[in-house]
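*Asks:*
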Amino acid sequence: MVNCDPSIPVVRVSGFCKRYRRHVAVQGVDLTIRKGEMYGLIGPDGAGKSSLMKAIAGVLAYDGGAVEVFGVKVDSEQAAERIKHRIGFLPQGLGLNLYPELSIEENIDFFARLRLVPERDLADRKARLLAMTRLDRFRDRPMKHLSGGMKQKLGLICTLIHEPELAILDEPTTGVDPVSRRDFWAILAELLQERGMTALVSTAYMDEAARFHRLSFVSNGRVLASGTPAEIRSLVPGTVVTLLASPQIEALARLKRDFSQVETLGPLLHVFTEQQDQAEAVKRIEAGLGDIEAEQVQTDDPGLEDVFVALLVRGSPVKDTSSIPVRSSGRPQHDGLAIEARGLIRDFGSFRAVDQVSFQVKQGEIFGLLGANGAGKTTVIKMLNGILPPTAGEGWVAGADMRKAGGVIKERIGYMSQAFSLYLDLTVAENIRLFAGIYGVGRREADERLKWIVSMAGLAGYESHLTGRLPMGVRQRLALGCALVHSPHVLFLDEPTSGVDPIGRRHFWDILSRLSREQGVAILITTHYMSEAEHCDHLALMYAGRVVTGGSPGEMKRQVEQEAGHLLEVVADQPGKALVHLQRAGFHGAALFGTRIHFFCRDPVRDAECACQALASSRVTIKSVTTRPLSLEDVFVYKVMALEEQERASTSGDRV
Amino acid sequence: MNSVLGPRSQRAVIWWRRLVVMTRKEMLQLFRDIPIMLFLVYSFTLGVYIIGSGLRSQLHNASLAVYDADHSFSSRDLIHKFRAPFFRLEGEIADSQEGLRWLDRGKAMAVLEIPARFHEQLVAGEPTAVQLLVDTTNSPQGLSAAGYAARIVARFGQETALARVGSSEESSQNLPIIVSDHRVWYNPDQNETWFESISHLLRQITIFAILLPAAALVREKERGTVEQLLVSPLTPFQIMVSKVLAMTVVILCATAVGLFGIMQPVFGVPIKGSIVLFFALTALFVFTTAGMGLAAATLTRNQAQVGMMTLLVVAPMLLLSGLTAPMEVMPAWVRHLMALSPLRYFIEITHGILLKGAGLRVLGDSILAMAILGGALFGFSMWRFRRQFE
Numbered sequence: 043m044v045n046c047d048p049s050i051p052v053v054r055v056s057g058f059c060k061r062y063r064r065h066v067a068v069q070g071v072d073l074t075i076r077k078g079e080m081y082g083l084i085g086p087d088g089a090g091k092s093s094l095m096k097a098i099a100g101v102l103a104y105d106g107g108a109v110e111v112f113g114v115k116v117d118s119e120q121a122a123e124r125i126k127h128r129i130g131f132l133p134q135g136l137g138l139n140l141y142p143e144l145s146i147e148e149n150i151d152f153f154a155r156l157r158l159v160p161e162r163d164l165a166d167r168k169a170r171l172l173a174m175t176r177l178d179r180f181r182d183r184p185m186k187h188l189s190g191g192m193k194q195k196l197g198l199i200c201t202l203i204h205e206p207e208l209a210i211l212d213e214p215t216t217g218v219d220p221v222s223r224r225d226f227w228a229i230l231a232e233l234l235q236e237r238g239m240t241a242l243v244s245t246a247y248m249d250e251a252a253r254f255h256r257l258s259f260v261s262n263g264r265v266l267a268s269g270t271p272a273e274i275r276s277l278v279p280g281t282v283v284t285l286l287a288s289p290q291i292e293a294l295a296r297l298k299r300d301f302s303q304v305e306t307l308g309p310l311l312h313v314f315t316e317q318q319d320q321a322e323a324v325k326r327i328e329a330g331l332g333d334i335e336a337e338q339v340q341t342d343d344p345g346l347e348d349v350f351v352a353l354l355v356r357g358s359p360v361k362d363t364s365s366i367p368v369r370s371s372g373r374p375q376h377d378g379l380a381i382e383a384r385g386l387i388r389d390f391g392s393f394r395a396v397d398q399v400s401f402q403v404k405q406g407e408i409f410g411l412l413g414a415n416g417a418g419k420t421t422v423i424k425m426l427n428g429i430l431p432p433t434a435g436e437g438w439v440a441g442a443d444m445r446k447a448g449g450v451i452k453e454r455i456g457y458m459s460q461a462f463s464l465y466l467d468l469t470v471a472e473n474i475r476l477f478a479g480i481y482g483v484g485r486r487e488a489d490e491r492l493k494w495i496v497s498m499a500g501l502a503g504y505e506s507h508l509t510g511r512l513p514m515g516v517r518q519r520l521a522l523g524c525a526l527v528h529s530p531h532v533l534f535l536d537e538p539t540s541g542v543d544p545i546g547r548r549h550f551w552d553i554l555s556r557l558s559r560e561q562g563v564a565i566l567i568t569t570h571y572m573s574e575a576e577h578c579d580h581l582a583l584m585y586a587g588r589v590v591t592g593g594s595p596g597e598m599k600r601q602v603e604q605e606a607g608h609l610l611e612v613v614a615d616q617p618g619k620a621l622v623h624l625q626r627a628g629f630h631g632a633a634l635f636g637t638r639i640h641f642f643c644r645d646p647v648r649d650a651e652c653a654c655q656a657l658a659s660s661r662v663t664i665k666s667v668t669t670r671p672l673s674l675e676d677v678f679v680y681k682v683m684a685l686e687e688q689e690r691a692s693t694s695g696d697r698v
Numbered sequence: 039m040n041s042v043l044g045p046r047s048q049r050a051v052i053w054w055r056r057l058v059v060m061t062r063k064e065m066l067q068l069f070r071d072i073p074i075m076l077f078l079v080y081s082f083t084l085g086v087y088i089i090g091s092g093l094r095s096q097l098h099n100a101s102l103a104v105y106d107a108d109h110s111f112s113s114r115d116l117i118h119k120f121r122a123p124f125f126r127l128e129g130e131i132a133d134s135q136e137g138l139r140w141l142d143r144g145k146a147m148a149v150l151e152i153p154a155r156f157h158e159q160l161v162a163g164e165p166t167a168v169q170l171l172v173d174t175t176n177s178p179q180g181l182s183a184a185g186y187a188a189r190i191v192a193r194f195g196q197e198t199a200l201a202r203v204g205s206s207e208e209s210s211q212n213l214p215i216i217v218s219d220h221r222v223w224y225n226p227d228q229n230e231t232w233f234e235s236i237s238h239l240l241r242q243i244t245i246f247a248i249l250l251p252a253a254a255l256v257r258e259k260e261r262g263t264v265e266q267l268l269v270s271p272l273t274p275f276q277i278m279v280s281k282v283l284a285m286t287v288v289i290l291c292a293t294a295v296g297l298f299g300i301m302q303p304v305f306g307v308p309i310k311g312s313i314v315l316f317f318a319l320t321a322l323f324v325f326t327t328a329g330m331g332l333a334a335a336t337l338t339r340n341q342a343q344v345g346m347m348t349l350l351v352v353a354p355m356l357l358l359s360g361l362t363a364p365m366e367v368m369p370a371w372v373r374h375l376m377a378l379s380p381l382r383y384f385i386e387i388t389h390g391i392l393l394k395g396a397g398l399r400v401l402g403d404s405i406l407a408m409a410i411l412g413g414a415l416f417g418f419s420m421w422r423f424r425r426q427f428e
C-alpha cells in the first residue's frame, strides 16, 4: 500500500523519549528494523522495552522523537489506525490477551473476526498454525487449562492470524520453561522465513540474544549497543577463561584485584579479560593468581552476556563486595548434611505433584533444583519448609525432622521467594527490623545485622527510602539480607533472580558463593535461568514430580554428550533453505538458532561432511561448521525431550 | 535482662515481640495508604456531621397542593392547619385533574381536595368528607404525611363538632373524649441528629472493621509476602491477630474523634453510661466484625474479590440489623438470620450505653452473643488460613 520497497525500513525510530510523570522511562533511542528481520530488544525489567514496543505498535503516546512504521509517522491516533491492520502485537504477560473461558479454537476465531479475516482464509491459516504449534489436538480445551508454553503459542497464533507484516512480541518467553521456549523460537523463526514477516521481540533472557538477526541492548531507558550478534561481540573484544583453582575464595579475591569481571561457576572460576590473545590472557590470569595453581584451564570467545556486562560496567563501576564480612557468627557446628529428602511424596487429590523425591545437600553446597513450571519444585520446597505436610516420605532440614519439628526448622532457615516478599510501602530499615523482630533477634543484634545488610546490599544512604522505589537488583539483595537477618545455616531461594539485570545477578551470585564458601551456608535454589544453574555445585532435574537426573553441571553435560553426541553449528548464507535441506538429509533435530543452525551428532567429523554434502547440492553456501560446547539449557532440553518421548512411547504402547 | 528469665518466659517474650512488630507493621502500612486514611478521616468527622445534620426520617417540608372548591371560611381554616415544618403549601389548583398531574410530575407530595358546600354542610351539621391524595413512592414519608393529615383533619372535625354543640371548654370535659398523651423517653426533644449520627458512626465502624483487616490480609496474598510470613516462625494466630489489633486501635481512635469531636459538641449527643464500657465493647465489636473480614479474605484471592465479598455481607448487615428500620417490623426469618449479625447486638449496646445509660447487667446477653460470634468467626478464619495454603 504505502511501500513495498525493501530498502525502506519497516520501523524507524529516532530520538524516542517517553516519560511517566517525572520518571523518564526511555531517553533518546534510535532504532531501524529492516524487512524480514527478527529484531531483539534485550534488557532487564524496567529498561524501557515495553514502552518502546507499545509506541511502535501505536498504542502508547510518547513525549519526544519520531516513530515511523511502514513509512507512516505514528504521531496521532489516526496515524496509528492506518498501520494497525498491518501489525500484530502480543503484550507482555502469559496469556493476558486471551480469554481464559474460551477454547483454543474460539480464541483464534475471535481474533480472526476482530481482524475481519475471510472465513476461507481463516480455516486454512488456523489448520496450518495449529499443526505447526502442535496445538491441534487440544483445540477444544479452554485456554485456562493450558500450560504456560501452550498459552504463549496460542497467543502467537492469535497475534498472527491476520498475517501481519510486522509482529511485535513483548517478552513472549518470560515464565515459560526452556523446552517450550525453544519450541516457541523455532516456530517463530519458521513463520518469519515462510511468510517474509518482520518481527520485533523483547526478552529478559541473555541466552536468547544470539537468536536474533540484529538486536539492541537496552538498559535504563538507553540503548547500549545495536547490531548483529557478531557486531556486538566485536564491540568488546576479549577472552573468557574458565579454570579450577583452590582455595576458590582466595583465588577469587586475587583475581578481582586485576579483572573487573570474575565470577564463580560451581567449583570453577569464570574470568573475562579484554586481552584478545588467548595464550596471553591465560598467562595474565596465572600471574594474578600468584602461587595458586590453575587447573582445567579453558579459553573461549566472550558470550553476549559478558559483552552486556562489560558495556554496563563501563557506564558505572560495580561495587566490590569482597571486603564485606559475610557473617558475624561462626560456621555451623555440624558439617554434615544440611538438607535431606527421602522418598517425598505429595498428592493433591488424585494428582501426584511430587513423586519419590530424594536428595541431599551438604553444608556449604549450592544445590540447584531445575524443572519446568509445574514440575514440583515449589511443592518440594514447601514440604521441606514445613508449610505443607507430605503425603509420604521424610526429610531433615538443619538437623530437625520436618514432620515433627516444623517450628524449629522455620527458626533455623532463611527463605527468599520469587516476589522478593518485601513490604514495598515500608522503608529499607523498617523491613529489616520487621524481619529481625519476627525471627526474635534482640535489639542490639538487630542493629548490627541492619548495618551488615546495608553494606552487603549496597544500600548506604537508602535506609529511610521506601522499598518500592528501589531498583529490582537492590530490592533483591535487600530480600536476601532479610532472609539472612537471623544468620541461618540453610537458605532456600525460590526463583530469586527474575527481572534483575545481569550486573545485579552477578553481584547476587557473588554474595551467594561467598556465603556458601566462607560460612558454610547450604543453599537450595530453584531457577529457570539455565545460565544461572551453571553457578551451582550440584543439580537435580525435576520432571513431572520426579527427580530424573542429577550431578554437577559438568557431569550432566558429559552425560548428554555421551548419550546424544556433540552439538554442531552450521552457518550458511540462506539459513531457512539450509534447514529444510538438512532436515531432509536426515538431521531431524536441526533447528534455527538466530541465523545459524544447531543439531546434535554422534560423530562430528563425519556428520559435518555429510551436512556439507547435503547442502552443496542445494546451492547453499556454507560459511562454517563448528562444534559448540553444550550449555545447560541444551542439557535440560535434551533430557526433557527424551522423557517426553519415552512417555509418549509408553502411553501409545498401553493403547496397543 | 533476658538472661535472668527462664527459657519458658524467654520464649514468651519473643512471642510478644513478634506480635508487637507485626502490629506496628500493620499500622505503618495503613498510615502510608493515603487514600484509605483520607476516607477514614472523612468518614468519622465531616461524614458524621453531614449525615447527622442532613438526614431526616420525620415528615418535613412535604409539598402540598390544594384544590379548594368551596372557598369558604371553613375550608381556609382547614388549609391553614397544614403548617410548617411538616407541610409546605405548594399552591392552589383549579381542578382535581391538575392535582393528579402534579402528583405524577412529583411537584406535590400530597393533594388536598375540599368539596364544594364544605362549609355549608359543616354548619348544617351534615356529614362531609375531604380527600387527600398522597404519593407514597417514598413510603415512609408518604405514610407519615397521610397520618399527619388524618390527625389534622380529625382534630379539625372535633373542634368543629364541639363548636357546633356550642360547648365551651368546661362542658367539653363532660364529653367522652380519650386524650392520648406521649412521654418521650431517652430522647425527649425527639432530636433526630442523635439517632442519625449514632447510626452513621456505627455504619462507619462496621465498614472499616470488616474492610481494613480483609484488605490487609488479602494484600499479603496478592503480593506474595504471606509466603515469607508462613516460612517464618510466626503462627497463623500471630499473623491474623496482629492485623485485628492494629485496625482496632485505629478504629477506636477514629470513633473517639467522631464522638468527642463532632457528635458531643455539635449535636449534643449525651453519653449517659460508662465511656470505658462503650470503648471496650466497641473493641469487642471490631474484633468480631474483623473476623468476618478475615474469613472473607481467606476465601478470596485479590482485593477486588474481597471488596465484592465484603459488600455482599456488609450491605444486608447495615440494612437489616436495625439501623434503618427496627428489627420488629422484619419477617421472622430475617430476624433469625440477623442473630448472626454482630451489628445487631452492637446497636443495642450503643443505644443502651449512650442514650439509656445501661450497664453490664442489661447488656449481658448482647455482649455474650457478640463474643461467641467473634470467637467462632476468628476460629473459622484461622482454620481457613491454614487450609488455603495446603
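Here the protein sequences line up with chains Y and E, keeping their order.
Numbering-wise, the working numbering puts 451 at position 409 of the first sequence, and it's gapless, one number per residue.
Numbering-wise, the working numbering puts 41 at position 3 of the second sequence, and it's gapless, one number per residue.
For each residue, glycine too, the CB sits at the ideal point set by N, CA and C.
#1: Along the stretch 260 to 290 of chain E, where does the CB come closer than 7 angstroms to a CB of chain Y? Name the residues.
#2: Does DSSP put F125/E in a helix, in a strand, or in coil?
#3: M584/Y to L535/Y, Cα distance in whole Å?
#4: Buried or exposed: which applies to T175/Y, given that a residue is buried once 16 or more other Cβ atoms fall within 10 Å of its Cβ?
#5: Considering just the uninterrupted stretch of the alpha helix (DSSP H) at Y383/E, what are its terminal residues?
#6: Which residues, taken in chain order from the stretch 79 to 90 of chain Y, show a beta carbon closer than 9 angstroms to some beta carbon of chain A?
#7: Look up S370/Y in the DSSP assignment and say whether it is helix, strand or coil.
#8: Find the residues of chain E that neighbour N427/Y, judging by a C-beta separation of less than 7 angstroms, and give them in chain order.
#9: Is it true that the stretch 379 to 390 of chain Y meets the stretch 160 to 168 of chain Y, where meeting means three or more beta-carbon pairs spaced less than 8 angstroms apart?
#10: At what residues does the alpha helix (DSSP H) containing R384/Y begin and finish?
#11: What are the residues of the stretch 57 to 84 of chain E that lie near chain Y, defined by any Cβ-Cβ distance shorter than 9 angstroms?
#12: A246/Y and L412/Y: beta carbons closer than 8 angstroms?
#13: According to a CB-to-CB cut-off of less than 7 angstroms, which residues of the stretch 379 to 391 of chain Y neighbour chain E?
#14: Using 8 angstroms as the Cβ pair cut-off and three pairs as the minimum, do the stretch 607 to 615 of chain Y and the stretch 667 to 675 of chain Y touch?
#15: Which two residues bound the contiguous beta strand (DSSP E) that contains H668/Y?
#16: Alpha carbons only, please: which of G435/Y, L136/Y and V55/Y is nearest the one belonging to S222/Y?
#17: Should I52/E be flagged as near chain Y, meaning a C-beta pair shorter than 8 angstroms?
#18: Under 8 angstroms between beta-carbons, which chain Y residues line up against R55/E? List them in chain order, please.
#19: Is it a yes or a no for the stretch 53 to 61 of chain E touching the stretch 270 to 280 of chain E, going by three-plus beta-carbon pairs under 8 angstroms?
#20: Roughly how many angstroms lie between the CA atoms of F323/E and I236/E, to the nearest whole one?
#21: Going by alpha carbons, who is nearest to I423/Y out of L674/Y, I150/Y, V396/Y and K325/Y?
#22: Find the nearest neighbour of A318/E within the set L398/E, S101/E, L350/E and L127/E, judged by alpha-carbon distance.
#23: Cutting at 6 angstroms between CB atoms, please list the residues of its own chain near M301/E, excluding the five before and the five after it.
#24: Just confirm the distance between the C-beta atoms of P220/Y and M572/Y, as a whole number of angstroms; I'd bet it's less than 8 angstroms.
#25: In three-state terms, what does DSSP make of C643/Y?
#26: Got a sec? Which residues, its chain only, sit under 6 angstroms from H187/Y by beta carbon, not counting five neighbours each side?
#27: Counting only beta-carbon atoms, is K452/Y nearer than 8 angstroms to chain E?
#28: Counting only C-beta atoms, is A499/Y closer than 8 angstroms to chain E at any point?
#29: Are any of the Cβ atoms in chain E nearer than 8 angstroms to that of L164/Y?
#30: Counting contacts by CB-CB distance shorter than 8 angstroms, is Q518/Y in contact with chain E?
#31: Determine the DSSP secondary structure at Q318/Y, reduced to helix, strand or coil.
#32: For I243/E, count the other beta carbons within 10 Å of its own beta carbon; 16 or more makes it buried, fewer makes it exposed. Which is it?
#33: By how many angstroms is the C-alpha of L144/Y removed from the C-alpha of L198/Y?
*Replies:* So, to answer that:
#1: R261, G262, T263, E265, Q266, L268, V269, S270, P271 and L272
#2: In the structure shown, the three-state DSSP call for F125/E is strand.
#3: 16 angstroms
#4: buried
#5: P380 to T388
#6: Judged by its chain identifiers, the structure shown contains no chain A, and its protein chains are Y and E.
#7: Since pLDDT at S370/Y reaches only 44, below the 50 mark, its modelled position is unreliable, and the value read off the structure follows with that caveat. Reduced to three states, the DSSP call for S370/Y is coil.
#8: V269
#9: By the criterion of at least three beta-carbon pairs nearer than 8 angstroms, the stretch 379 to 390 of chain Y is not in contact with the stretch 160 to 168 of chain Y.
#10: Counting along the chain, R384/Y falls outside any alpha helix (DSSP H), though it belongs to the beta strand (DSSP E) covering L379 to F390.
#11: Answer set for the stretch 57 to 84 of chain E: V58, V59, M60, R62, K63, L66, Q67, R70 and D71.
#12: no
#13: Residues passing the 7 angstroms Cβ filter: none.
#14: yes
#15: The displayed chain sequence assigns Thr, not His, to residue 668/Y. It spans I664 to R670 - the beta strand (DSSP E) in which T668/Y sits, taken as one unbroken run.
#16: L136/Y
#17: yes
#18: Neighbours of R55/E in chain Y, taken as residues whose beta carbon is under 8 angstroms from its own, are G479 and G482 in chain order.
#19: In short, these stretches touch, since the Cβ pair count reaches three.
#20: 15 angstroms
#21: Looking at the Cα atoms, V396/Y is the closest of the given residues.
#22: Distance check between A318/E and each of L398/E, S101/E, L350/E and L127/E places L398/E closest, using alpha-carbon atoms only.
#23: Cβ neighbours of M301/E beyond the five flanking positions: S235 and V307.
#24: 6 angstroms
#25: strand
#26: So the list is empty, once near-sequence residues are dropped.
#27: Output row for K452/Y: interface = yes.
#28: no
#29: no
#30: no
#31: coil
#32: buried
#33: Using only the alpha carbons, I get a separation of about 16 angstroms.
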